[in-house]
Ligand code: HEC
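Residue numbers (mature numbering (1 follows the signal peptide of the UniProt record, and there is no 0)): -26 to -1, 1 to 83.
Next comes the structure, spelled out in structure tokens:
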């Protein structure tokens, strides 16, 4: 009795763990880890623009992922106002994590 209940529950548990660690959550964890959240939230402007606004601005722009990658790396201002974003070197966020974070930001709507 006990073992068949475990056999039933284990796959269920595995499935819910997979759902929890899906791409959206993983990328949100990245922006938290890299402290992007100090200046950005998903749907409200803080120091920097809301990520949903960033997604809306660049929707359908095929060059956006590359330009935004370079922008976060180098920092800068001008697209949203006078306040500059600080540079984020590879010591703060790896290439892989930054790519995933930008892909996640651009997928928001
Ligand atoms: C110190 C505050 C600050 C931090 C930390 C920060 N940002 Fe920003 N971010 C800004 C500001 C301010 C802008 C608007 C810059 C502009 O007007 O061009 C911005 C703009 C952006 C944009 C849009 C750029 C554009 O040219 O349209 C993206 C994408 C972005 N940030 C992603 C990130 C990611 C990813 C991180 C973490 C690795 C991060 N930001 C950390 C302040 C910050």
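Cβ coordinates follow ideal geometry from the N, Cα and C atoms, glycine included.
Please read these numbers as outputs of a predicted model, since none were measured by experiment.
- Distance from the C-beta of residue 78 to the nearest heavy atom of ligand 1 is not below 6 Å.
- In this structure, residue -22 has its beta carbon at no less than 6 Å from each heavy atom of ligand 1.
- Residue 40: member of the alpha helix (DSSP H) spanning 38 to 48, first to last residue.
- A Cβ-Cβ distance of about 7 Å is found for the pair residue -1 and residue 74, placing them in contact under the 8 Å criterion.
- Here the C-alpha atom of residue 16 lies approximately 19 Å from the C-alpha atom of residue 60.
- Pairing residue 68 with residue 58 gives a Cβ-Cβ distance that is not under 7 Å.
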